[in-house]
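Presented below is the structure to which this report refers.
Numbering (this note's numbering), first residue to last: 46 to 149.
Quick look at the structure:
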């Protein structure tokens, strides 16, 4: 089957693995914000691509437990390109995060 509507990953430039998607999302967010993207805390495939939550170091403090982190919701298209992001919460590194009503 040539020229099928279901092209392979290499033909469509789509990421080939979950790790590749997560690395790409972290790199793109860090480049846009100028901050260090530390950890992917949520990752799911959506109808239009992927949705991730990424922890970002926003402000370094001493001691490190007082540094400010933030979680960003990041949306990627099916090719792994960032289509949008927003900060969803901000907190000190040393503080326990209260469980949210949606289970995250």
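Glycine included, C-beta positions come from ideal geometry on N, C-alpha and C.
Item: Status (buried if at least 16 other CB within 10 Å, exposed otherwise) for residue 65; Value: exposed
Item: Whole-Å CB distance - residue 76 paired with residue 100, under 8 angstroms assumed; Value: Contact doesn't hold; Cβ gap of about 16 angstroms is too wide.
Item: DSSP-derived helix/strand/coil call for residue 89; Value: strand
Item: 6 angstroms Cβ shell around residue 122 - same chain, five flanking residues per side excluded; Value: 94, 128
Item: Cβ of residue 93 within 8 angstroms of any chain D Cβ; Value: The structure shown contains no chain D; it holds only a single protein chain.
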